[in-house]
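Quick notes on the structure that follows.
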Amino acid sequence: MTPAEPLPLLVLGGGIAGLGAADEARRAGVEVVLIERSDGVGGMLRTDRRDGFSFDRGGHRFITSLSWVQERITALLGDRLRVRERRSLVLLDGTTVAYPLELDDLIRRLGIRSNLRALGSYLAARSRARRAVRAGQLETNLEEWLERRFGTYLYRRVFEGYSEKLWGLHPSRISAEWAPERISVPDLGSFLKQMLWPRRSTPRTWAKRYLYPRTGIGEIVESLGNRVIEEGGEIRLRSTVRSLAPLEGGRWRATIEGEHETHVLDVRGVVSTIPLDAFCRLIPDSPPIPTLGQRGLRFTNIAFDQPVPLDATWIYQPDPRSRFSRLQIPAARSPEMVPAGCGSIQLEEPWDAARGEQATSQLEERVAEGIAMLRTLGVELEEPRFAFTTAEPHAYPIYEGNARALAAQTVSALERKPGIAIAGRQGRFRYCFLDRAFAEGVNGARRLLALPPLENEVERTPGDPLPLEAASIV
Ligand SMILES: Cc1cc2nc3c(=O)[nH]c(=O)nc-3n(C[C@H](O)[C@H](O)[C@H](O)COP(=O)(O)OP(=O)(O)OC[C@H]3O[C@@H](n4cnc5c(N)ncnc54)[C@H](O)[C@@H]3O)c2cc1C
Numbered sequence: 008m009t010p011a012e013p014l015p016l017l018v019l020g021g022g023i024a025g026l027g028a029a030d031e032a033r034r035a036g037v038e039v040v041l042i043e044r045s046d047g048v049g050g051m052l053r054t055d056r057r058d059g060f061s062f063d064r065g066g067h068r069f070i071t072s073l074s075w076v077q078e079r080i081t082a083l084l085g086d087r088l089r090v091r092e093r094r095s096l097v098l099l100d101g102t103t104v105a106y107p108l109e110l111d112d113l114i115r116r117l118g119i120r121s122n123l124r125a126l127g128s129y130l131a132a133r134s135r136a137r138r139a140v141r142a143g144q145l146e147t148n149l150e151e152w153l154e155r156r157f158g159t160y161l162y163r164r165v166f167e168g169y170s171e172k173l174w175g176l177h178p179s180r181i182s183a184e185w186a187p188e189r190i191s192v193p194d195l196g197s198f199l200k201q202m203l204w205p206r207r208s209t210p211r212t213w214a215k216r217y218l219y220p221r222t223g224i225g226e227i228v229e230s231l232g233n234r235v236i237e238e239g240g241e242i243r244l245r246s247t248v249r250s251l252a253p254l255e256g257g258r259w260r261a262t263i264e265g266e267h268e269t270h271v272l273d274v275r276g277v278v279s280t281i282p283l284d285a286f287c288r289l290i291p292d293s294p295p296i297p298t299l300g301q302r303g304l305r306f307t308n309i310a311f312d313q314p315v316p317l318d319a320t321w322i323y324q325p326d327p328r329s330r331f332s333r334l335q336i337p338a339a340r341s342p343e344m345v346p347a348g349c350g351s352i353q354l355e356e357p358w359d360a361a362r363g364e365q366a367t368s369q370l371e372e373r374v375a376e377g378i379a380m381l382r383t384l385g386v387e388l389e390e391p392r393f394a395f396t397t398a399e400p401h402a403y404p405i406y407e408g409n410a411r412a413l414a415a416q417t418v419s420a421l422e423r424k425p426g427i428a429i430a431g432r433q434g435r436f437r438y439c440f441l442d443r444a445f446a447e448g449v450n451g452a453r454r455l456l457a458l459p460p461l462e463n464e465v466e467r468t469p470g471d472p473l474p475l476e477a478a479s480i481v
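Take 8 as the starting number for the sequence shown in the numbering used here and just add one per residue.
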């Protein structure tokens, strides 16, 4: 297959992975048609804008260790991309502690007794862990993974309720293989070492800075989508593919359903970034379709005519009695997320789309609960100007049992079919950040266009301007 062939490349899904694939096709001079089910591109990276207020669908940070990804996104956004500093807190017993945990802050906030209990519990967990390792017992679930790294005391107070609320599953039912992808904060041992013997060059996980566009993470996907169109690519919104039939030589025949019409298009290959099980249903002779659990998130966005005097980017709420898992302050990411003199908050709430509950129900109760949470933090505000909810039904893949391994087998079987590449978070059913989703989309297109892949890991030199990190507890 050569780039000169006239058939277009078909891309399914218009999130960052699909846009990366479409952009790569246009860079290679290949026609491309991108099919997106919703009314706009961006997927999880969409930013909703109302009356000068911007709300991400869950606050995002752009962080990458792939220098070519950083170069491309930086070139795309120019000076609209700013370096920001993370500050996250955890609400514990009516007070807040810094996250990742900081020893001096913990001592100050929780008192010496709680700290001694945390330390004792950590040391006991380490000695149990050493015995388990000697006996060849690996961690099998998230509870064991967290207890070994933080001790039972901090696990129960910081992680247990939060994880259960977030996932709808007790940590003992979540596979341990999920943890390293999701929890990249230092364990308590590395943290103590860093406090006692600070190193000048801090590793990735200790750094606090990230890149963020002026008016929301959505600027990345909006700019990428515009570029695909300017370069002659086609993006069809409110469209889906009903079926795909294989032709010879890796070509496929797609039946595409738009808002008003259905038509057939022959394509030179398909990059799929839509949920893996949905893609399997489009093709004949699909490999086994695994049962893939997904955790959704609902966002309650509240706009105020006065600033919100909190500078934390987000505040975790581990208390299982609250429906919310995080409170986000959009202006702490970028002051341009709100009009001058105004403020906003976003409340993140785990949501099970499969249960069928409407994402937009009970707005008033949610707003009242959010305002009560602000009060706990010592913030009293006047009535909000407006509030609305958004929802993402596929926010997090749930690695329950062997779902992850089955998904990986299905992806390999699909990619053995000529003319098929699978990319992205829902596409591969793999927890990944936006930089990886973008890289997978780009490399998926390159594979189908017979171009060599772009590197997956590039070492950064100490003098590089941006320390990169991916600290998160979810
Ligand atoms: C709350 C939250 C916070 C996050 N924070 C960060 C962060 O700080 N930093 C970071 O790097 N990453 C973060 N991520 C991860 C990041 O959002 C994802 O890695 C990335 O957006 C995945 O992009 P994607 O293109 O693979 O998937 P998606 O964005 O899900 O795109 C898939 C697209 O396919 C479309 N689609 C679905 N089905 C069909 C169909 N049948 N036909 C046509 N189209 C279809 C969807 O509408 C969607 O537009 C976060 C994720 C969440 C949920």
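Each residue gets a CB set at the ideal place from its N, CA and C atoms; glycine is no exception. These numbers were taken from a predicted model, which means no experiment stands behind them.
Contact annotation: A28 and A430 have beta-carbon atoms nearer than 8 angstroms. One Cα belongs to R245, the other to V40, and the distance between them is close to 13 angstroms.
The stretch 399-414 and the stretch 252-265 do not touch, with fewer than 3 CB-CB distances between them shorter than 8 angstroms.
G101 and A310 have their alpha carbons spaced roughly 24 angstroms apart. Between Q313 and P404, the gap from beta carbon to beta carbon reaches 8 angstroms or more.
Counting every other CB atom within 10 Å of its CB across the protein chains shown gives F393 a total below 16, marking it as exposed.
Short note on I429: C-beta not closer than 7 angstroms to any heavy atom of ligand 1. According to the DSSP assignment, N308 belongs to the beta strand (DSSP E) that extends over G300 to F311.
Between D442 and T81, the gap from beta carbon to beta carbon reaches 8 angstroms or more. In the structure shown, Y129 falls within a helical segment according to DSSP collapsed to helix, strand and coil. For I236, the enclosing alpha helix (DSSP H) starts and ends at G225 to E237. Inside the stretch 400-449, DSSP marks whole beta strand (DSSP E) runs of 3 or more residues at positions 427-429, from first to last along the chain. Annotation note: the stretch 277-358 contains the following uninterrupted alpha helix (DSSP H) runs of length 4 or greater, listed N- to C-terminal: 283-287 and 337-340.
For V271, the enclosing beta strand (DSSP E) covers residues T269 to V274. If you check the CB distance, S170 and L149 come in under 8 angstroms. Contact between G232 and V48 holds: CB atoms are separated by about 4 angstroms, below the 8 angstroms threshold. When the five nearest sequence neighbours on each side are left out, the beta carbons in the same chain lying within less than 6 angstroms of the beta carbon of R221 are those of R87, S341 and E343, in order along the chain.
A319 is the residue among R328, Q353, A319 and A457 whose C-alpha sits nearest the C-alpha of V97. About 51 angstroms separates the beta carbon of L99 from that of G276, a gap too long to meet the 8 angstroms contact definition. In this structure, the CA atom of S61 is about 9 angstroms from the CA atom of P346. Where S61 is concerned, the enclosing beta strand (DSSP E) starts and stops at F60 to D63. Here T396 is not near I224, since their CB atoms are 8 angstroms or more apart. In the DSSP assignment, I80 is bridged to no other residue.
Here the C-alpha atom of G240 lies approximately 45 angstroms from the C-alpha atom of A105. Among the bridge pairs identified by DSSP, I119 is matched with none.
Ranking F306, A339, Q353 and F445 by CA distance to the CA of P400 puts F306 first. Across the set H67, G22 and D30, the C-alpha of H67 shows the shortest separation from the C-alpha of Y217. The DSSP-derived three-state label of V386 is coil. For T280, the distance from the CB to the nearest heavy atom of ligand 1 is below 7 angstroms. L456 is the residue among S182, L456 and T383 whose C-alpha sits nearest the C-alpha of E38. DSSP places I23 within a helical segment (H, G or I) once states are collapsed to three. Relative to ligand 1, even the nearest heavy atom lies 7 angstroms or more away from the CB of G223. Distances from the alpha-carbon of P291 to those of A360, T159 and K424 put K424 closest. By DSSP's assignment, I181 forms a beta bridge with E407.
The beta carbon of H267 sits no closer than 7 angstroms to any heavy atom of ligand 1.
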